[in-house]
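Enquirer: For the sequence shown, the residue numbers in UniProt numbering are 1 to 95. Where is the CB? At the ideal position from N, CA and C, for every residue including glycine. Since we're looking at a predicted model, the values are computed, not measured.
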Amino acid sequence: MLAATIITALISSSIVAAAPADVSARQVTICSGTYNNAQCCATDVLGLADLNCANPPTVPVNQTDFISICSAEGQQARCCALPILGQALLCGSPL
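#1: Could you tell me whether the Cβ atoms of Cys40 and Asn55 are closer together than 9 angstroms?
#2: Report the rounded CA-to-CA distance for Leu90 versus Cys80, giving the unit in angstroms.
#3: Grab me the residues of Gln75's own chain with a C-beta within less than 7 angstroms of its C-beta, minus the 5 sequence neighbours each way, in chain order.
#4: Which word fits Ala77, buried or exposed, when buried means at least 16 other C-beta atoms lie within 10 angstroms of its C-beta?
#5: Given a threshold of 16 other Cβ atoms within 10 Å of its Cβ, counted over all protein chains shown, does Ile84 qualify as buried or as exposed?
#6: Residues in the same chain with beta-carbon distance under 7 angstroms from Cys70, minus the five sequence neighbours each way, listed in chain order, please.
#7: Answer with buried or exposed for Ala72, where buried requires no fewer than 16 other C-beta atoms within 10 angstroms of its C-beta.
#8: Going by CA-CA distance only, name the one from Leu2, Ala3, Leu82 that's closest to Leu48.
#9: In the DSSP assignment, find the unbroken alpha helix (DSSP H) run with Ile69 in it and report its ends.
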């Protein structure tokens with residue numbers, strides 16, 4: 001009888017522990033699809049290439065925050081397909 005009680009308690013606690021927390025509010029999509037790299041860039045060249053790009057200094061919580069973070073650094077908020085060595089190819093505006 002005691003063993004059945006212990007087993008039931010263990011199973012119940014593992015089910016409760018396995019329930020995921022609601023994290024959807026923290027997972028905001030700023031850049032998606034092919035243009036999935038959020039970058040703060042100095043110069044945009046016809047939407048094909050951006051110069052002097054870097055990751056935002058802080059993690060943005062939404063699109064407006066992303067634009068504000070980059071603007072504070074004197075940069076433009078861009079979503080890029082392929083950032084390489086501070087240059088980014090195929091960039092677009094944030095969603």
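Expert: Considering the structure as presented:
#1: Counting from 1 along the sequence shown, the entry for residue 40 is found at position 40. Counting from 1 along the sequence shown, the entry for residue 55 is found at position 55. The answer is yes: Cβ separation under 9 angstroms.
#2: Counting from one through the sequence shown, the residue named residue 90 turns up at place 90. Counting from one through the sequence shown, the residue named residue 80 turns up at place 80. Roughly 6 angstroms separates the two Cα atoms.
#3: Position 75 of the sequence shown, counted from the first residue, corresponds to residue 75. The beta carbon of Gln75 lies closer than 7 angstroms to those of Cys40, Cys41, Ala42 in the same chain, with the five residues before and after it left out.
#4: Taking the sequence shown and counting its residues from 1, one reaches residue 77 at position 77. Ala77 should be labelled buried.
#5: On the sequence shown, residue 84 is found 84 positions in, with the first residue counted as 1. Per the 10 Å Cβ criterion, exposed.
#6: In the sequence shown, counting from the first residue as 1, residue 70 sits at position 70. Result list for Cys70: Cys40, Pro56, Gln76, Ala77, in chain order.
#7: Within the sequence shown, residue 72 is the residue found at index 72, counting from 1. By the 10 Å Cβ count, Ala72 comes out exposed.
#8: If you number the sequence shown from 1, residue 48 lands on position 48. For the residues Leu2, Ala3, Leu82, the minimum Cα distance to Leu48 belongs to Leu82.
#9: Within the sequence shown, numbered from 1, the residue matching residue 69 stands at position 69. Here the alpha helix (DSSP H) through Ile69 covers 63–72.
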